[in-house]
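Let me begin by presenting the structure, written as structure tokens, before commenting on it.
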């Protein structure tokens with residue numbers, strides 16, 4: 045995809061883009077974190093109108109969206125204005141939706157500042173906000189004019205934030221090849237200089253872009269990107285409902301293990317790769333605790349996933365790394381058996 | 045455009061569409077008027093989930109949109125569900141936006157029940173709501189899977205509603221040819237059997253569709269559809285601000301006269317056609333009263349039109365019927381002279 049650039053010279057790259065466009069006004073959307081920590085380092089935005097939104101998933105709602113619309117109108121934005129989304133996935137998701145709906149759509153650029161946003165949220169054209177307690181319930185498919193993917197902001201990220209993004213990197217590697225997956229599983233994630241990770245990040249983003257290119261609105265193939273997420277979302281929702289929220293990426297990592305167990309059970313995914321994955325996940329993310337008593341609740345959550353069309357449970361499974369089967373219909377007994385095996389593997 | 049059907053057998057046509065789709069749920073969006081007067085006559089919707097919204101432009105806002113989203117969620121809509129927008133332009137504009145943003149987009153069908161919606165709002169892919177007092181400030185370009193254009197609901201419409209839509213029919217004719225315009229100007233709009241108007245309505249809608257097809261997101265040619273609207277919107281906004289709102293189509297009709305005066309002044313639009321138009325408009329719509337003291341306010345409103353990029357006043361003008369010039373930059377003295385001439389022509 046030609047509109048994704050990989051560069052740790054963010055200011056230069058963004059400056060070139062802005063100067064090449066015929067914009068009458070440049071706005072930058074930030075949260076508290078990126079306003080303080082990132083914005084001051086991007087010289088070409090020193091005269092941009094600053095639009096603010098709350099940080100964190102709880103701020104990804106209709107009130108914040110309305111506030112962003114109002115701030116854009118107040119600073120005089122027209123259809124020829126540009127919005128730069130500078131932040132994590134919450135900023136790029138909400139900012140993309142705000143831009144796509146303001147006066148029926150203005151140009152926007154994503155500059156993801158977290159690993160999770162860089163590898164997932166900021167590319168692929170999904171935008172959204174949460175509504176009625178449902179994740180990304182309201183949104184559109186809309187592509188930024190430019191995404192600038194960099195790793196120069198990652199060294200200062202909290203370790204939890206890095207790990208959360210790394211689960212999506214892992215997912216892309218599993219959709220790519222055994223070799224890609226093993227390269228990641230051999231990394232010591234606690235001592236990486238992320239500035240040097242840009243090539244690997246590019247490879248990871250390109251796995252996603254290739255799939256999205258073939259199926260932009262999620263009619264088929266794009267569902268392969270859902271690997272780990274059918275179960276992961278259920279873990280995330282259950283944890284939230286119990287008042288003990290877990291980071292999205294952690295839930296995805298645990299979900300990857302369960303869905304790889306299912307892949308092994310149903311499609312003979314190699315057991316060695318399953319064990320390598322499970323070992324890495326328990327080391328890096330710890331286990332996710334639940335008991336037999338939670339199975340029914342988890343199954344109910346999976347049946348009401350946004351991507352479920354008839355309240356059946358459909359997963360993307362792997363025959364092996366790089367060989368995906370979408371829309372695999374999962375039997376309730378199989379999912380329960382997979383939960384049992386997961387708990388054994390994770391020692392919970 | 046293959047997704048617009050012209051038929052006074054609305055129930056049969058809609059039934060065929062719904063049965064041809066693989067929808068797990070059908071919803072119909074109505075306002076008070078269409079729930080009572082139209083919905084009972086469409087048998088194929090007797091089992092549809094009814095979603096309600098307020099009638100009238102003042103209900104075309106974010107609160108109504110959120111209410112529609114909530115009602116869709118409550119009745120169990122998924123990405124494979126269908127929303128039928130049954131109503132005037134407020135229903136098709138808001139319903140289109142609701143469908144386009146719900147779970148990142150579900151299918152929708154427009155069944156316009158007013159002349160204005162049939163000839164304008166329901167076709168062309170614009171959706172929107174008003175926000176911060178600005179018309180259609182928030183919206184997206186999104187195409188319905190099907191539009192069913194009919195005239196069978198028009199005979200019971202209030203005369204004001206019919207006249208409002210007729211201004212857009214007139215605009216399309218002026219963008220088409222002298223002959224098309226004269227055919228309309230010779231009609232006695234007070235004694236038409238609208239069921240017999242379907243062929244003429246089709247010709248009118250197709251003028252718009254041809255233009256939209258060539259320029260779906262309003263980069264250039266589509267601006268020709270703005271004929272009459274730069275001035276018309278200013279009339280509409282000023283009337284609203286004075287607490288004496290006028291119907292949109294009336295404002296467009298008066299705007300057409302002013303912009304045709306400008307076309308005559310700057311591009312030698314034939315004076316005979318200008319006089320014919322002015323006579324029809326004053327007979328049908330009455331005059332719009334304003335004085336020299338209002339000129340500055342009207343000009344300020346035009347400079348802040350959503351379609352103005354640099355606070356300049358750009359109009360679509362005509363060399364003659366069927367020969368449009370877009371982005372014509374209007375000098376302030378010319379607009380004032382045109383207002384003078386308009387007031388003469390209309391006797392105000």
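Protein chains in written order, with the numbering used here: chain S, 45 to 392; chain C, 45 to 392.
A virtual CB, placed ideally from N, CA and C, is assigned to each residue, including glycine.
{"Item": "Applying the criterion that 16 or more other CB atoms from any shown protein chain within 10 Å of the CB defines a buried residue, is residue 156(S) buried or exposed?", "Value": "buried"}
{"Item": "Got a sec? Which residues, its chain only, sit under 6 Å from residue 363(C) by beta carbon, not counting five neighbours each side?", "Value": "311"}
{"Item": "Name the residue from 131(S), 121(S), 63(S) and 172(S) whose alpha carbon lies nearest to the alpha carbon of residue 145(C).", "Value": "172(S)"}
{"Item": "Is the region 267 to 279 of chain S touching the region 324 to 331 of chain S, taking contact as three or more C-beta pairs under 8 Å?", "Value": "no"}
{"Item": "Would you kindly work out how many angstroms separate the C-alpha atoms of residue 178(C) and residue 348(C), rounded to a whole number?", "Value": "10 Å"}
{"Item": "Using a Cβ cut-off of 9 Å, pull out every chain S residue sitting near residue 149(C), in sequence order please.", "Value": "183, 184, 185 and 261"}
{"Item": "Out of 204(S), 182(S), 125(S) and 248(S), point me to the one whose CA is closest to residue 225(S)'s CA.", "Value": "248(S)"}
{"Item": "Alpha carbon to alpha carbon, how far is residue 357(C) from residue 391(C)? Give it in angstroms, no decimals.", "Value": "26 Å"}
{"Item": "Which of the three DSSP states, helix, strand or coil, is assigned to residue 125(S)?", "Value": "strand"}
{"Item": "Going by C-alpha to C-alpha distance, which of 165(C), 118(C) and 191(C) sits closest to residue 183(C)?", "Value": "165(C)"}
{"Item": "What are the start and end residues of the beta strand (DSSP E) that includes residue 354(S)?", "Value": "Note, residue 354(S): premise wrong, no beta strand (DSSP E); not H, not E."}
{"Item": "Could you name the residues of the same chain whose beta carbon sits closer than 7 Å to that of residue 102(S), not counting the 5 residues immediately before and after it, in chain order?", "Value": "none"}
{"Item": "How far does the beta strand (DSSP E) with residue 367(S) in it reach, from first residue to last?", "Value": "367 to 373"}
{"Item": "Does any CB atom of chain S fall closer than 7 Å to the CB of residue 102(C)?", "Value": "no"}
{"Item": "Within a Cβ cutoff of 6 Å, which residues of the same chain sit near residue 307(C), ignoring the five residues on either side of it in sequence?", "Value": "313, 361 and 362"}
{"Item": "Residues of chain S with CB under 7 Å from residue 114(C), in chain order?", "Value": "176"}
{"Item": "Please list, in chain order, the chain S residues whose beta carbon lies closer than 7 Å to that of residue 106(C).", "Value": "110"}
{"Item": "Compare the Cα-Cα distances from residue 91(C) to each of 64(C), 199(C), 69(C) and 109(C) and report the closest residue.", "Value": "69(C)"}
{"Item": "Evaluate residue 148(C) with the Cβ neighbour count: other Cβ atoms within 10 Å of its Cβ, from every protein chain shown; 16 or more gives buried, anything less gives exposed.", "Value": "buried"}
{"Item": "Pair every Cβ in the region 113 to 129 of chain C with every Cβ in the region 59 to 79 of chain C, then say whether three or more of these pairs are closer than 8 Å.", "Value": "yes"}
{"Item": "Beta carbons nearer than 7 Å to chain S: which residues of the region 124 to 144 of chain C have them?", "Value": "124 and 144"}
{"Item": "Contact criterion: CB-CB distance below 7 Å. Does residue 117(S) meet it with respect to chain C?", "Value": "yes"}
{"Item": "Quick one: is residue 154(C) buried, meaning 16 or more other Cβ sit within 10 Å of its Cβ, or exposed?", "Value": "buried"}
{"Item": "Using DSSP with H/G/I as helix, E/B as strand and the rest coil, what is residue 154(C)?", "Value": "strand"}
{"Item": "Would a C-beta distance cut-off of 7 Å place residue 389(S) and residue 297(S) closer than the cut-off?", "Value": "no"}
{"Item": "Tell me whether the beta-carbon of residue 151(C) lies closer than 7 Å to the beta-carbon of residue 189(C).", "Value": "yes"}
{"Item": "Once you ignore the five residues that flank residue 88(S) on each side, which residues in its own chain have a CB closer than 7 Å to its CB?", "Value": "55, 58, 59 and 62"}
{"Item": "For the region 255 to 287 of chain S, enumerate the residues whose C-beta is nearer than 9 Å to any C-beta of chain C, in chain order.", "Value": "261 and 262"}
{"Item": "Is the Cβ-Cβ distance between residue 206(S) and residue 159(S) less than 7 Å?", "Value": "yes"}
{"Item": "Here's the rule I'm using: 16 or more other beta-carbon atoms within 10 Å means buried, otherwise exposed. How should residue 346(S) be labelled?", "Value": "buried"}
{"Item": "Using 8 Å for Cβ pairs, my map puts residue 186(S) next to residue 169(S). What's the rounded Cβ distance?", "Value": "6 Å"}
{"Item": "With distances taken from CA atoms, which of 163(C), 385(C) and 266(C) is nearest residue 49(C)?", "Value": "163(C)"}
{"Item": "Per DSSP, what are the beta-bridge partners of residue 359(S) in this structure?", "Value": "372(S)"}
{"Item": "Hey, could you find the ends of the alpha helix (DSSP H) residue 210(C) is sitting in?", "Value": "203 to 220"}
{"Item": "Measure the C-alpha to C-alpha separation of residue 107(S) and residue 138(S) and round it to an integer number of angstroms.", "Value": "11 Å"}
{"Item": "Name, please, each residue of chain C whose Cβ falls closer than 8 Å to the Cβ of residue 170(S).", "Value": "148"}
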